[in-house]
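*Asks:*
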DNA sequence: TAACCTACCAAACACTTGTTAGGGAACCCG
DNA sequence: CGGGTTCCCTAACAAGTGTTTGGTAGGTTA
């Protein structure tokens with residue numbers, strides 16, 4: 001594995017820089033197609049349990065043919081996860097740069113997260129299951145970095161919220177952060193695009209539970225009681 | 001894999017029943033020790049990514065020696081998960097049979113869950129990551145069944161709660177169920193026994209967020225405002 | 001037509017995987 | 001002492017793994 005002889009330079013190109021680019025140039029559209037099916041299989045079976053033969057099978061070709069488009073199985077997850085995280089942070093940065101208040105920030109982040117789950121369900125599922133032990137490899141260091149940005153963004157919003165009195169003062173901030181983070185992302189394990197609820201609808205419900213709890217508030221109690229008496 | 005010849009019957013026992021019991025009898029304590037380290041590795045690396053050589057290494061022995069105690073890698077996860085689920089349901093059944101009201105039931109289930117996480121952190125982590133694709137195999141059908149009991153228990157408590165007015169009437173019950181279930185069990189991914197918070201303490205915080213939300217309620221707002229003005 | 005490029009196949013290679021077979025050291029029991 | 005049991009090691013096997021190599025059908029270009 002470490003000393004895999006770099007080949008495919010048989011046409012005798014410039015021998016100076018050992019660029020990763022192969023001499024052939026697969027079409028980016030086909031790459032995306034294959035990555036999409038690969039992501040689906042990874043998400044369903046788990047990364048390690050998925051054989052490249054299975055991916056090829058799902059794509060209607062043989063195992064070796066995948067290596068015309070990608071240079072390793074690892075590169076596939078890498079590309080799946082990194083493109084997902086790039087799009088995710090594009091959305092997040094927009095929210096974080098909008099100068100919203102803490103509560104609006106939290107709401108916007110949650111909503112944006114569910115939109116990303118809607119768009120990248122498979123990638124999110126992979127991220128959840130595999131990021132922990134993938135991030136130990138230097139190649140996937142960006143996973144750890146992303147997690148750090150994630151934490152700072154959420155913790156910041158929560159802290160400001162507590163300071164401004166829009167969030168409860170008796171919250172354990174770090175616990176609340178993990179609570180929010182987890183509740184949002186685990187949805188990828190059961191969410192199916194095109195189902196009964198739109199991402200925005202699910203976000204609304206989640207926010208309602210997280211912000212106000214599942215027990216009735218004063219006003220709601222009064223209103224419900226009135227309704228029940230009629 | 002399908003036609004692995006059943007051996008180890010060379011001593012010529014009664015040839016009638018093909019019992020799984022081997023002729024040798026490893027000590028149950030040693031089994032538990034090995035299962036504990038195996039669970040730790042499974043939880044950290046994932047089941048498929050974990051080699052039996054790695055487990056043996058962690059246990060200070062060689063790969064083949066594990067097969068004196070267990071007859072397959074699959075048997076190890078099986079035993080880890082089933083003993084965990086047995087203990088879990090012992091606790092759950094006690095709660096469910098206590099005749100509590102819906103809210104007390106939910107509180108007791110959550111608290112019990114965190115106690116189980118405290119005791120079986122590794123097993124819970126494995127259950128989360130692997131149960132989905134393990135449950136497709138007939139050997140692990142009990143995982144699916146357990147999930148069904150799980151769902152009925154939670155949904156029942158939630159429905160009764162809504163009917164009695166102790167939970168909000170506008171809840172999407174199934175969404176709330178998944179919300180509760182996930183928020184509780186994902187804690188196993190970051191929880192470390194012996195940390196700052198006891199299981200009961202974490203359960204209290206979680207319940208506080210789930211039941212009352214993270215925004216201040218009327219009374220709290222008033223009290224906090226008073227405190228801040230002093 | 002000839003040269004070339006894209007996208008795949010067929011077949012293998014090197015390695016890792018779970019698992020097995022036989023043996024042997026330490027210990028208990030008679 | 002001698003037989004038996006417990007627990008592990010050494011050494012291998014067969015299947016499966018990711019990956020590479022060379023080839024080739026079909027389309028495009030000149």
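Residue numbers (the UniProt record's numbering), protein chains in the order written: chain A, 1 to 230; chain B, 1 to 230.
All C-beta atoms, glycine included, are put in the ideal place defined by N, C-alpha and C.
The structure displayed is predicted, hence computed values, not measured ones.
1. Along chain B, in chain order, which residues have C-beta atoms closer than 7 Å to that of residue 186/A?
2. Please name the residue in 168/B, 68/B, 176/B, 47/B whose C-alpha comes closest to that of residue 130/B.
3. Along the chain, where does the alpha helix (DSSP H) containing residue 69/B start, and where does it finish?
4. Quick check on residue 203/B: buried or exposed, where buried means 16 or more other Cβ atoms within 10 Å of its Cβ?
5. Less than 8 Å between the CB atoms is what I'm expecting for residue 211/A and residue 214/B, so what's the real figure, rounded?
6. Please state if the CB of residue 96/B and the CB of residue 163/B are separated by a distance shorter than 9 Å.
7. Taking one C-beta from the region 110-126 of chain A and one from the region 69-87 of chain A each time, how about it: are there three or more such pairs within less than 8 Å?
8. So for residue 76/A, helix, strand or coil by DSSP?
9. So is residue 190/A in contact with chain B if we call contact Cβ pairs under 9 Å?
10. Compare the C-alpha of residue 40/B against each of 25/B, 56/B, 28/B and name the closest.
11. Excluding the 5 residues preceding and the 5 following residue 171/B in the sequence, name in chain order all residues of the same chain whose CB lies nearer than 8 Å to its CB.
12. Below 8 Å, how does it come out for the region 178-195 of chain B and the region 107-115 of chain B: are there three or more Cβ pairs, yes or no?
13. Cβ of residue 170/A versus every heavy atom of the ligand SAH: is any distance shorter than 8 Å?
14. Looking at residue 51/B and residue 63/B, is the spacing between their C-beta atoms short of 9 Å?
15. In chain order, what residues of the region 156-184 of chain A put their CB closer than 7 Å to some CB of chain B?
16. Anything in chain B within Cβ reach of residue 215/A, meaning under 7 Å, just list it in chain order.
17. Please state the DSSP three-state secondary structure of residue 133/B.
18. Count the other CB atoms within 10 Å of the CB of residue 178/A; is the residue buried (16 or more) or exposed (fewer)?
19. Using C-beta distances below 7 Å, list every residue in its chain close to residue 73/A, excluding the 5 sequence neighbours before and after it, in chain order.
20. Under the three-state reduction of DSSP, which class applies to residue 194/B: helix, strand or coil?
21. Going along the chain, which residues of its own chain have a beta-carbon closer than 6 Å to the beta-carbon of residue 151/A, five neighbours each way excluded?
22. Label residue 168/A either buried or exposed according to how many other C-beta atoms from any shown protein chain fall within 10 Å of its C-beta, with 16 as the threshold for buried.
23. What does the Cβ neighbour count give for residue 118/A, buried or exposed, with the cut at 16 atoms within 10 Å?
24. Does residue 46/A come within less than 9 Å of chain B when only Cβ atoms are used?
25. According to the Cβ coordinates, are residue 76/A and residue 35/A closer than 9 Å?
26. List the residues of chain B whose Cβ lies closer than 9 Å to the Cβ of residue 206/A, in chain order.
27. Put residue 209/A into one of helix, strand or coil per three-state DSSP.
28. Could you check which residue in 173/A, 85/A, 99/A has the C-alpha nearest to that of residue 141/A?
29. Have a look at residue 92/A and residue 147/A and give me their C-alpha separation to the nearest angstrom.
30. Do you know how far the Cα of residue 89/B is from the Cα of residue 25/B?
31. Could you list the residues in the region 49-82 of chain A with a C-beta less than 7 Å from some C-beta on chain B, going in chain order?
32. Would DSSP call residue 98/A helix, strand or coil?
33. Going by alpha carbons, who is nearest to residue 59/B out of 31/B, 49/B, 45/B, 71/B?
34. Suppose the cutoff is 8 Å on Cβ atoms and the five residues either side in sequence are ignored; what does the same chain contact list for residue 139/B look like?
35. Determine the chain B residues that contact residue 133/A at a beta-carbon separation under 8 Å, and present them in chain order.
*Replies:* Per the coordinate set shown:
1. As a position in the first chain, residue 186/A is number 186, starting the count at 1. Under the 7 Å cutoff, chain B gives 182, 186.
2. Numbered from 1 along the second chain, position 130 holds the residue referred to as residue 130/B. It is 47/B.
3. Within the second chain, residue 69/B is the residue found at index 69, counting from 1. Its alpha helix (DSSP H) spans residues 66-69.
4. Taking the second chain and counting its residues from 1, one reaches residue 203/B at position 203. The residue in question, residue 203/B, is buried, as its Cβ has 16 or more Cβ neighbours within 10 Å.
5. Position 211 of the first chain, counted from the first residue, corresponds to residue 211/A. Position 214 of the second chain, counted from the first residue, corresponds to residue 214/B. Approximately 6 Å separates the beta-carbon atoms of residue 211/A and residue 214/B; this is inside 8 Å, confirming the contact.
6. Mapped onto the second chain, residue 163/B falls at position 163. Mapped onto the second chain, residue 96/B falls at position 96. No, Cβ-Cβ distance for residue 163/B and residue 96/B is not below 9 Å.
7. Touching, yes.
8. Along the first chain, one-based indexing puts residue 76/A at 76. Helix, per DSSP.
9. One-based indexing of the first chain puts residue 190/A at position 190. Yes, contact with chain B.
10. For the purposes of this step, residue 40/B is taken as residue 40 along the second chain, with counting starting at 1. Residue 56/B is the option with its Cα nearest to residue 40/B.
11. Locating residue 171/B in the second chain gives position 171, where the first residue counts as 1. Here the set comprises 158, 162.
12. By the Cβ rule, the region 178-195 of chain B counts as touching the region 107-115 of chain B, because three or more pairs are nearer than 8 Å.
13. Absence of the ligand SAH is noted for the structure shown, with no ligands found whatsoever.
14. As a first step, residue 63/B is located in the second chain; it is residue number 63 there, counting from the start. As a first step, residue 51/B is located in the second chain; it is residue number 51 there, counting from the start. Between residue 63/B and residue 51/B, the gap from beta carbon to beta carbon is short of 9 Å.
15. Result list: 165, 166, 167, 168, 169, 171, 172, 175, 176, 178, 179, 182, 183.
16. Along the first chain, one-based indexing puts residue 215/A at 215. Neighbours of residue 215/A on chain B, chain order: 166, 167, 168, 211, 212.
17. To locate residue 133/B, count along the second chain from 1; it is residue 133. Residue 133/B: helix per DSSP, three-state reduction.
18. For the purposes of this step, residue 178/A is taken as residue 178 along the first chain, with counting starting at 1. Buried: at least 16 other Cβ atoms inside 10 Å.
19. The sequence position of residue 73/A within the first chain is 73, counting from 1. Within the same chain, and ignoring the five residues on either side of residue 73/A in sequence, the residues whose Cβ sits closer than 7 Å to its Cβ are 52.
20. Locating residue 194/B in the second chain gives position 194, counting from the first residue. Correct three-state label for residue 194/B: coil.
21. The residue you call residue 151/A lines up with position 151 of the first chain. Excluding its 5 nearest sequence neighbours in each direction, residue 151/A has no C-beta neighbour in its own chain below 6 Å.
22. Translated into positions along the first chain, residue 168/A becomes position 168. Under this definition residue 168/A is a buried residue.
23. Along the first chain, read from residue 1 onward, the residue named residue 118/A stands at position 118. Buried is the call here.
24. Numbered from 1 along the first chain, position 46 holds the residue referred to as residue 46/A. At a cut-off of 9 Å between C-beta atoms, residue 46/A counts as an interface residue with respect to chain B.
25. By one-based count along the first chain, residue 76/A stands at place 76. By one-based count along the first chain, residue 35/A stands at place 35. Yes, these two residues count as a Cβ contact at 9 Å.
26. Counted from its first residue, the first chain places residue 206/A at position 206. Taking the beta carbon of residue 206/A as reference, the chain B residues within 9 Å of it are 175, 179, listed in sequence order.
27. Position 209 of the first chain, counted from the first residue, corresponds to residue 209/A. Note: residue 209/A maps to helix in three-state DSSP.
28. For the purposes of this step, residue 141/A is taken as the residue at position 141 of the first chain. If you compare the alpha carbons of 173/A, 85/A, 99/A with that of residue 141/A, the shortest gap goes to 85/A.
29. Taking the first residue of the first chain as 1, we reach residue 92/A at position 92. Taking the first residue of the first chain as 1, we reach residue 147/A at position 147. Their Cα atoms are separated by approximately 13 Å.
30. Taking the first residue of the second chain as 1, we reach residue 25/B at position 25. Taking the first residue of the second chain as 1, we reach residue 89/B at position 89. Approximately 29 Å between the Cα atoms of the pair.
31. Under the 7 Å Cβ criterion, the region 49-82 of chain A contributes 49.
32. Along the first chain, read from residue 1 onward, the residue named residue 98/A stands at position 98. Looking at residue 98/A - three-state DSSP - the assignment turns out to be coil, as it is neither helix nor strand.
33. Start at 1 with the first residue of the second chain, and residue 59/B comes out as number 59. The closest CA to that of residue 59/B, considering only 31/B, 49/B, 45/B, 71/B, is found on 31/B.
34. Your numbering for residue 139/B matches position 139 in the second chain. Only 74, 78 meet the Cβ criterion.
35. For this step, residue 133/A is matched to residue 133 along the first chain. In chain order: 44, 45, 46, 49.
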